[in-house]
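**Student:**
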Amino acid sequence: MKKILSLLCVFCIFSLISCAPKQQNNILTVAIVGEAESFDPVFSYDGFTHGVLLNIYDTLIKFKGSSLTEFEPLIAQEVPTRENGLISPDGKTYVFNIRKDIKFHDGSPLTAEDAAYSLKRFLISDAVSGPSTLLLEPILGVTSTRDAKGAITLDYKTVEEAVQVQGDKLIIKLKRPFAPLLSILARWSYVISKDWAVKNGEWDGTEATWKNYNNKGKGESYLFDKANGSGPFMLQRWDNAAKRIYLTANKDYILGAPKLDGVQLITVPEQSTMRLMLESGDIDIAEIAPAFTDQIADNPDLVVQDRLPRLKTDPVIFFTFNINPEANPDIGSGRLDGKGITPDFFQDINIRKAFANAFDYDAFVNDSMGGKAPRACGPVPPGLASYEKSSPCYNFDLKKAEEYFKKAYNGKVWENGFTFTLTYNTGSQMRQTACEILKRNIESLNPKFNIELRGVPWASFLEKTQASKMPLWARGWIADYPDEHNFVFPFLHSKGRYAVAQSFKDPALDALIDEAVRSTDPARRIKLYRRIQDLSYNAAAQIYTIHSPGVWVYRKEVKGFTDNPVFMGIYFYPIYKEA
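Quick note: the sequence shown uses our numbering, first residue 214, plus one each step.
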């Protein structure tokens with residue numbers, strides 16, 4: 214029977230290879246692990262989708278090459294600074310002079326009104342688990358347009374006051390200074406055509422109708438599988454069922470036509486399949502997991518980039534403080550009877566510290582990552598100013614873990630044991646390996662400890678995360694923009710993405726995080742962020758493992774590959790294929 218199954222597996226792998234898009238001379242074929250969520254910028258908040266949107270839409274300004282601190286103009290004629298008068302002395306007003314010679318993919322001109330509409334639409338849409346908070350926070354001083362019960366609290370007049378158009382000028386007025394604003398706009402100020410969107414049933418840009426478009430379902434958007442940007446590539450087709458995306462070059466691009474005729478992106482969740490496709494030439498570039506790069510390092514036809522700098526903290530293992538028990542098999546019996554756990558199981562800090570001391574960090578770095586990734590002791594990664602190697606860190610110590618378990622719930626956990634499910638998303642070898650290490654070490658402490666591992670497809674994983682259904686789960690974070698706030702806020706602020714999913718709240722951390730992002734003094738910000746990481750260690754709300762590097766492997770005929778830690782994908786514009 215085993216032999217039959219093995220033959221079937223081999224057949225499936227070669228079937229996938231044979232069904233892969235056939236290589237065309239000037240078409241770049243890219244294999245990735247993830248799947249697209251939606252091509253509407255107001256809904257998409259995953260790294261893979263934004264790696265694609267980066268190529269379809271232009272932003273007001275952009276990062277210069279691989280730099281995280283230097284910007285170049287794109288839709289705007291110049292980058293605002295205090296020196297050129299486009300940032301006010303108080304740091305609260307930004308002016309962008311919009312170019313007059315840019316056209317959307319449908320041939321219509323891009324105007325300051327389109328830029329303003331796109332920003333306003335991003336703010337008012339505010340989909341659950343969407344990216345709107347990235348601009349709501351700096352521009353309007355709020356993190357949501359709704360209260361905890363879902364009632365709309367936003368006064369639309371504040372949107373009109375904050376985002377204005379004067380001729381060819383887009384003017385943004387903040388409630389208070391927000392240090393990383395330009396970094397956010399360089400990545401998230403996608404400009405869509407207002408006329409095109411309105412004509413196809415999207416928000417008409419008026420106060421009278423905006424509430425109808427607040428927190429809509431992503432499938433209801435006309436832009437779900439369509440796009441009309443001004444970037445170097447146009448969305449030709451998204452075959453969602455086959456998990457393939459087809460882009461074609463924008464020959465009229467403002468910076469000049471791309472060197473490629475098009476790009477094909479295909480989802481390949483199995484690493485061994487991806488490697489075979491890359492070696493056989495069926496694909497040009499692949500998102501190979503770090504653990505697999507040594508297997509192809511000596512292949513003369515391939516270029517391995519397995520130490521690319523990333524502003525990334527991944528994998529991280531998250532405790533859910535208030536688990537949703539409704540029809541939830543992941544908590545077993547729902548009691549501390551050895552057959553389950555209670556919904557508040559991880560509220561006992563002794564449990565969290567026991568788990569933190571039971572993870573073998575060195576084994577993960579050295580054996581699973583080949584020593585290619587630095588240890589993570591907190592959310593802030595190398596490359597940001599406040600990062601320091603000497604931050605307090607949990608280390609592998611099973612004796613300490615046992616001591617904490619014996620303290621938890623007055624000894625009841627050690628006496629009765631527990632059973633629950635630890636979840637990771639399928640396709641992520643790193644997260645799966647981290648979960649396996651933790652499971653093995655926890656179960657070695659007490660025969661009554663039982664952790665079941667479960668891999669869940671990405672879409673279901675996202676839903677279960679935000680619904681607080683998973684007791685313990687592995688995920689990670691790659692920067693939306695290069696600033697400490699983009700890490701400490703989602704991980705540690707009570708209104709942050711992960712903290713909300715965990716039901717984690719620490720008033721002291723909230724206050725420090727709010728203070729740090731308002732400060733315009735770089736030295737002061739560094740001190741505050743280091744204090745935040747110290748408090749994070751004390752709270753033990755997550756288990757940080759590594760700051761994983763970026764990894765791309767491509768065939769030697771691929772030239773012009775340019776990486777930036779915040780791209781979230783590949784910027785295809787400078788790439789070409791050598792015959």
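Every residue gets a Cβ at the ideal spot worked out from N, C-alpha and C, and that includes glycine.
1. Mapping the DSSP letters down to three states, classify Thr272 as helix, strand or coil.
2. Who does Leu666 pair with in a DSSP beta bridge?
3. In this structure, what does DSSP give as the bridge partners for Asn310?
4. How long is the line joining the alpha carbons of Leu741 and Ser345, rounded to whole angstroms?
5. In angstroms with no decimal places, state the Cα-to-Cα distance between Asp327 and Phe704.
6. Under three-state DSSP, which class holds Ala289?
7. Is Leu725 buried or exposed, if buried means 16 or more other CB atoms sit within 10 Å of its CB?
8. Hey, which unbroken runs of the beta strand (DSSP E) at 3 residues or more fall wholly within the region 437 to 493?
9. According to DSSP, what are the bridge partners of Ala244?
10. With H, G and I counted as helix, E and B as strand and the rest as coil, what does DSSP make of Ile300?
11. Identify every run of the beta strand (DSSP E) within the region 671 to 742, keeping only runs that are complete inside it and at least 3 residues long; order them along the chain.
12. For Thr366 and Glu373, I'd like the C-alpha separation in whole angstroms.
13. Run through the DSSP bridge pairs and tell me what Ile365 is partnered with.
14. Identify which residue in Ala540, Phe633 and Ser716 has its Cα closest to the Cα of Ala361.
15. Can you give me the Cβ contacts of Leu577 inside the same chain, cut-off strictly under 8 Å, excluding the 5 residues immediately before and after it?
16. Are the beta-carbon atoms of Ile274 and Leu398 separated by less than 8 Å?
17. What residue from Thr678, Gly668, Val265 and Glu656 has the CA that sits closest to Arg457's CA?
18. Leaving aside the five residues before and after Leu229 along the sequence, list all residues of the same chain whose C-beta is less than 6 Å from its C-beta, in chain order.
19. Apart from the five residues on each side of it in sequence, which residues of its chain come closer than 7 Å, Cβ to Cβ, to Lys625?
20. Measure how close the beta-carbons of Ser599 and Ile739 come, nearest whole angstrom, since I'm counting them as under 8 Å.
21. Cβ atoms of Asp543 and Pro684: under 8 Å apart, would you say?
22. Go through its chain and collect everything with a Cβ distance to Arg644's Cβ below 8 Å, but skip five positions before and after it.
23. State the DSSP-derived secondary structure class of Lys612, mapped to helix, strand or coil.
24. Would Phe437 and Lys429 be called neighbours here (beta carbons separated by less than 8 Å)?
25. Would you kindly check if the distance between the Cβ of Ala621 and the Cβ of Asn563 is under 8 Å?
26. If you run the structure through DSSP and keep just helix, strand and coil, what is Val764?
27. Run the CB neighbour count on Tyr330, radius 10 Å, all protein chains shown included, and call it buried at 16 or more, exposed below.
28. Looking at Tyr403: is its Cβ nearer than 8 Å to the Cβ of Trp416?
29. With respect to the alpha helix (DSSP H) encompassing Asp519, which residues constitute its N-terminal and C-terminal limits?
30. Name the DSSP beta bridge partners of Lys316, please?
31. Would you give the residue range spanned by the beta strand (DSSP E) that Asp557 belongs to?
32. Secondary structure at Lys429, three-state DSSP: helix, strand or coil?
33. So who's on the other strand from Gly545, going by DSSP bridges?
34. Roughly how many angstroms lie between the CA atoms of Ser434 and Leu478, to the nearest whole one?
35. Taking the straight line between their C-alpha atoms, what separation do you get for Phe531 and Leu299?
36. Rounded to whole angstroms, what is the Cα-Cα separation between Ile821 and Lys382?
**Tutor:** Let me lay it out:
1. coil
2. Note: Leu666 sits in a beta bridge opposite Leu635.
3. Lys382
4. 25 Å
5. 33 Å
6. Strand at Ala289.
7. buried
8. Taking only runs of at least 3 residues, the beta strand (DSSP E) segments lying wholly in the region 437 to 493 are 446 to 452, 457 to 462 and 475 to 480.
9. Ile479 and Ala499
10. strand
11. Entirely contained in the region 671 to 742, the beta strand (DSSP E) runs reaching 3 residues are, in chain order, 685 to 691.
12. 15 Å
13. Arg359
14. Ser716
15. Per the sequence shown, residue 577 should be read as Phe rather than Leu. Within the same chain, Phe577 has close Cβ partners Thr646, Ala647, Ile650, Thr758 and Ile759.
16. yes
17. Val265
18. With a pLDDT of 48 at Leu229, under the threshold of 50, the modelled position of that residue is not reliable, and no figure is offered here.
19. Leu549
20. 5 Å
21. yes
22. Asp527, Pro528, Tyr637, Asn638, Ala687, Arg688 and Gly689
23. helix
24. no
25. yes
26. strand
27. Buried, because 16 or more other Cβ atoms sit within 10 Å of the Cβ of Tyr330.
28. no
29. Taken as a continuous stretch (DSSP letters only), Asp519 belongs to no alpha helix (DSSP H), being part of the beta strand (DSSP E) at Leu515 to Leu521.
30. Pro322
31. Premise fails: Asp557 is in no beta strand (DSSP E) and is neither H nor E.
32. coil
33. Beta-bridge pairing links Gly545 to Gly553.
34. Whole-angstrom Cα-Cα distance: 22 Å.
35. 42 Å
36. The structure shown does not extend to residue 821, since the chain is modelled only from 214 through 792, so no value can be given for it.
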